[in-house]
Every structure is written in C-alpha cells, then in structure tokens.
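For reference, the structure discussed in these notes is given below.
In my numbering, the protein residues as written are 21 to 350.
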C-alpha cells in the first residue's frame, strides 16, 4: 500500500495541483483561438524550458548535498550525544532538589533520543526520496490527461446530479477552482522567494547544505504559523554543529526573511488572506497535522476555503428547503 501511495498517488496529487494552476491558462489560450492541444503543448514547453534552465542544475546540486549529508549524519548524531552529555555534567555542579534533577535528566535524555532518532529517520527519508524520484515521471502523463479531459470529466460529474442543481454546482466548482488556483499560485511563489532568500543568506555565511536547508524552509513555509519554526530548527542545528558562532547569524537571517515575507511579499502576492480568524487556522492545523500529517498541515486551509465556498452557495438552498418543510407542516 505504501509503495502504491509513493509511486501513483503522490505523482497524481502533484499533477492535480499543477492542473489546477495551469488549467486557467489553457482555458484562456483556447478562448483566444488555439486548440486545447496547442495550449497544453505551450504549457509543456514552458515547464520543459523551466526545468532545463533551472531545475536540472538545482536537482544535481541537491543530490550532491544529500549524499554529503547522509555521509556525515552518524558524526552529527555522535556530536549531539556529546553535547547533551556536556549539558548534563554542567548542571550537575549545581545543588538541585532531587525531583528537579530527575526531571531534568529525563527531559535531556528524551531530547537527545528524539534528535538522534530524527536524524536516523532523516537519513531513511533521503534514501526513500532518491529511490522514488523516478515515480515523478508519471506527473507529466497525469497532467496531460487532466488538462486535456478536465472539462469532460467535470461535465460527466455534473451529469450525476439532478438537472435543477447543476448550474449552482457548476458555479460552486468554478469558485472553488479560482480559490484553489489563486491560493496555490500565491503560496508556491511566496515559498520560492522565501527559499531563495534563505539560500542566499546561508550561502553567503558559508553554512553547509544551504540548498537542502533552503528547500526545507520553502516547503515548511507553506504551513501557516508553525511552518517557519519547523523550518528553522534544522538550520539552527546544522549551523551549531558546523560552528556555534553561526547560530545567532542564522537566527537573525530567519527572522529578517520572515519579516520581509510577512510585511512585503505575502501582502503583495496574495493581496489579502483567505479571511480566517487566526484561532480557526491554529485549530485547523492541529487537527490536520494530527490526523493527516504533513499533507494535513499543507491542505487543511484550502480545504476550509472549499467548505466556505460550499456553505456560501448552498446555505440559501438549505434555508429555502427548511422553510418549505415548515410551510408544508403548517
């Protein structure tokens, strides 16, 4: 089951996201007189040119960093163990109550085990990503059929509903598509800019694995509120293991980049957010992360946006149906 998820489901979901992003462009080109096939070909030419000019060098550099990182992970795990042993010896010089000392010992052991285990998991994850990379070749196949037959699929789905509801459902689906397309394009562009700024800063400081760490920050930046904190942790750990003097520099870099993103980049690209209360977002992230992991953290907010669109379009129908039921009872 896990193999099916990695080889088929993941590429399909990525292709679906790309289809949501590029479908408006294909529809626009079709309205301008181009055939749908020609519009899809134009999208593919753009993606191929982008990959040749940018992605290939990026992927090759990333693979080099990943190989080097996997080679030094055992050394990093050992140095983390030595660090916690030193911390334990340092605080043992103080006269602490037995209960406090026991609690500190237990917390330090748990933190040490957690970091070492996560480093081992990181190594396994990197190997898995390298082994699954060829599954991504399915993305252009899925994307082609989704772009070519998207309207046909939509019409067949509409035909499953009673005719009196089809117009409202079609309008709702269009609004959902616009919301998701705008959100995905904006978030991806913001994450790319944040990753680029992080990479430039880390590279200038001479931090090892700058590209890998920048990609982690670009990915985690998709997650509202918690994402920057998650992305900052590996940067700080790698910087400390390389040179403790780098820690405060990378912390300052992350804070500056997040301020630039929050004050300038995000408002300009997204214009305005999806309009959810911060408490709603935090609760949704907790639920999404708990039940669906990383994908839950990433997709729970657009999922809420979809629910809101459904509510806006169908709540009048539900209210009218309820009033009709009340009148019939009277």
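Glycine is no exception: its CB is placed at the ideal position from the N, C-alpha and C atoms.
query	result
For the stretch 220 to 259, which segments carrying the alpha helix (DSSP H) assignment without a break, of at least 4 residues, lie completely within its bounds, in sequence order?	230 to 240
Within the same chain, show all residues whose beta-carbon is closer than 7 Å to that of residue 178, passing over the 5 residues directly before and after it, in chain order.	186, 189, 190
Could you tell me whether the stretch 238 to 257 touches the stretch 202 to 218, where touching means 3 or more Cβ pairs closer than 8 Å?	yes
Counting only the same chain and skipping the five closest in sequence on each side, list residues whose C-beta sits under 6 Å from that of residue 252.	274
Out of 44, 280, 196, which one is the CA nearest neighbour of residue 168?	44
How about residue 201 and residue 40: do their beta carbons lie closer than 7 Å?	yes
Would you call the stretch 56 to 66 and the stretch 212 to 228 in contact, with 3 or more CB pairs under 8 Å?	no
Is residue 157 near the ligand ADP, going by C-beta to nearest heavy atom under 6 Å?	For the ligand ADP, the structure offers nothing, since it holds no ligand at all.
Shortest alpha-carbon distance to residue 302 belongs to which of 89, 320, 32?	320
Taking 7 Å as the cut-off, decide whether the C-beta atoms of residue 218 and residue 237 are in contact.	yes
With residue 44 as the anchor, note down where its alpha helix (DSSP H) starts and where it stops.	30 to 51
Taking the CB atoms as reference points, tell me whether residue 305 and residue 317 lie closer together than 7 Å.	yes
How is residue 305 classed by DSSP in three states: helix, strand or coil?	helix
Could you have a look at residue 330 and say whether DSSP puts it in helix, strand or coil?	helix
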